[in-house]
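As structure tokens, the structure follows; a few thoughts come after it.
Protein chains in written order, with the working numbering: chain W, 1 to 268; chain E, 1001 to 1370.
So this is what it looks like as structure tokens:
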């Protein structure tokens, strides 16, 4: 069906805000069933890039292709209709509401007729429970408020929801940022499951240790520009780390730290 | 809703069996239900001989509860959506004038005037809501402004057009009409007459029953309660109401039309206020510019006693109705016992305080992982 090998392709995409160059000449490809990691420090342009992918911003220059066809999204809804779902850091979940109510928030399935149409809660419970079970999470009770769920479980809920509502490409914004080691591992497993189901995943993170095990491809961003895309087979974890932090900057940091230690010693 | 999920939960070793009582504790209306039962028992013991649970007594606290309950339903839905309307009380006075002046002074048919009052007050409620969603200001402040504007307008317009602040004589135009029955009539009158003839209920000297039937006010309250509760718990709109109050940003991000929803709820609150006003005008045959004073607070208190969070996102219509019931029975009960009405206010304040502390505890229980 798809004419291109890649679900998403960016060709020399730039985005300007007035005189500010947020991202410049970004090239990027994402394959079905593949996890593409976007790495970069704060202010590298990751947010602008994902918002461009998600249809929040339009590219100022360059081409955005889906299945080899150029697209022009006017709103996030257009992107969503094309199967590109973004899970932002705030997850768009309401902690006072139940698992099911969150799962179907804004897209409630209904039964009944005319003015007597109602939210089909029994069926919704079953779908939500199944959707989460597919991600390896057993919900205790889908009518329980999600306030009692862990951060990892919530992240998985948001991912399961996106998958259920027809996502082909999942954009995950720092899904492991606020999580502990074990919960991060759980979220990475969920991402692996999504990959296995044939979804393309774009993972944004600045944690190489989370990105490296799961990613098939990396794109490194620095100050709005791409430092290049690499297949996992082409680079080691250390090389990625070094490129990300900027080798020169790390050396400078080491020198500074050495200076502090010396001063401390002299003082004592 | 929960029955089929329990079976699946057994797979997870992290599941602790929660007792049925604890599950019940998670329901917002529980506190009010318990409160209502306690109050019933209390007055049964201390005021049982005053006739509070006689048919006449029962109707009198039901009527009191129904009046407040209608307002509490509107306030409750709006609060779950995360907003307040402090102009409910002023809206009652204003809506009464919208109904009375055209009927008495302009010669409008009563049906037209009622329609005019409903359209007019819902429009004002809509403007109130529009200002809130457009400016992003707290609805507390915007509706506080409306509290003063509407009360002032009511008195101002009434004295300008009619030279007085009480417009009477509506009975002449409404008596015997369907509209009059719809808002201030009784149902089951046949049953009550029959019971009176059989000597089962109290009668006047001419043999007509002291209580002619169930007042329409009570019917409206129960009907409105059932419909609103159904909408909140069982429909898509209900899910949106919870979402908007629980986390506005999340609701926006999933595509819920948050602004339209909030405006609609402000209009519904105004509808409830106008319903209250219409019933009162039909009942007393007059509209007064000072009607509904402080009703906004009583409605909010009833909703809070019913388990609705002040911060939104959580609550129940059934709870608000029980809150109103507590109000009714305590107010009428103290009156029957001959206790000074100032004690009612003390009780009210205490109830509010207890309810808020309890709600806060419930919210922590359901939102914080342990």
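All C-beta atoms, glycine included, are put in the ideal place defined by N, C-alpha and C.
The region 94-102 of chain W and the region 133-147 of chain W touch, with three or more beta-carbon pairs separated by less than 8 Å.
Residues of the region 1245-1256 of chain E that bring their beta carbon within less than 9 Å of a beta carbon in chain W comprise 1245, 1246, 1247, 1249, 1250, 1251, 1252, 1253, 1254, 1255 and 1256, in sequence order. Secondary structure of residue 62/W (DSSP, three-state): strand.
In the structure shown, the three-state DSSP call for residue 1314/E is coil. DSSP links residue 200/W through a beta bridge to 169/W. Below 8 Å, too few C-beta pairs join the region 1243-1254 of chain E and the region 53-70 of chain W to call them touching: fewer than three.
Bounds of any alpha helix (DSSP H) do not take in residue 31/W; it lies within the beta strand (DSSP E) bounded by 20-31. Sorting 1365/E, 1341/E, 1332/E and 1354/E by C-alpha distance to the C-alpha of residue 1047/E places 1332/E at the top. Its Cα nearest to that of residue 1085/E, the residue 1129/E stands out among 1345/E, 1313/E, 1129/E and 1229/E. Using a CB distance cut-off of 8 Å, residue 94/W counts as an interface residue toward chain E. Under the three-pair Cβ rule at 8 Å, the region 1319-1328 of chain E does not count as touching the region 254-265 of chain W. Taking a beta-carbon distance threshold of 8 Å, residue 77/W counts as an interface residue toward chain E. Distance check between residue 99/W and each of 113/W, 51/W, 116/W and 155/W places 155/W closest, using alpha-carbon atoms only. Not flagged as an interface residue toward chain E: residue 6/W, since no C-beta distance is shorter than 8 Å.
Distance from the CA atom of residue 149/W to the CA atom of residue 172/W, rounded to whole angstroms, is 19 Å.
Of the residues 32/W, 13/W and 199/W, the one whose Cα lies closest to the Cα of residue 50/W is 13/W.
The straight-line gap separating the alpha-carbon atoms of residue 255/W and residue 244/W is approximately 19 Å. Non-local C-beta neighbours of residue 59/W in its own chain, meaning closer than 7 Å and more than five positions away in sequence, comprise 13, 14, 15 and 52, ordered along the chain.
The three-state secondary structure of residue 164/W, taken from DSSP, is helix. If you look at residue 130/W, you'll find it in the alpha helix (DSSP H) that goes 121-134. Rounded to whole angstroms, the separation of the alpha carbons of residue 165/W and residue 1073/E is 34 Å. Here the alpha carbon of residue 221/W sits roughly 23 Å from the alpha carbon of residue 76/W. Following the DSSP letters along the chain, one finds residue 230/W inside the beta strand (DSSP E) bounded by residues 225-231. At least one CB atom of chain W sits nearer than 8 Å to the CB of residue 1366/E.
For residue 1159/E, no beta strand (DSSP E) segment is defined; the enclosing uninterrupted segment is the alpha helix (DSSP H) at 1139-1162.
Check the Cα spacing between residue 1344/E and each of 1330/E, 1357/E, 1230/E and 1028/E: the tightest is with 1330/E. Approximately 5 Å separates the beta-carbon atoms of residue 1276/E and residue 1070/E; this is inside 8 Å, confirming the contact.
Rounded to the nearest angstrom, the gap between the Cα atoms of residue 1172/E and residue 1232/E is 40 Å.
Using beta-carbon distances, residue 1239/E counts as an interface residue toward chain W, with a partner under 8 Å. Here DSSP, grouped into helix, strand and coil, assigns residue 174/W to coil. The continuous beta strand (DSSP E) containing residue 85/W extends over residues 84-87. For residue 219/W, the beta-bridge partners assigned by DSSP are 38/W and 229/W. For the region 97-127 of chain W, the beta-carbon criterion of a distance under 8 Å to any beta-carbon of chain E is satisfied by 97, 101, 104, 105, 106, 107, 108, 110, 117, 118, 119, 121, 122, 125 and 126.
With contacts defined by Cβ atoms closer than 8 Å, residue 200/W and residue 8/W form a contacting pair. Secondary structure at residue 211/W: helix, using DSSP grouped into helix, strand and coil. In terms of CA proximity to residue 1076/E, 1308/E leads the group 1045/E, 1342/E and 1308/E.
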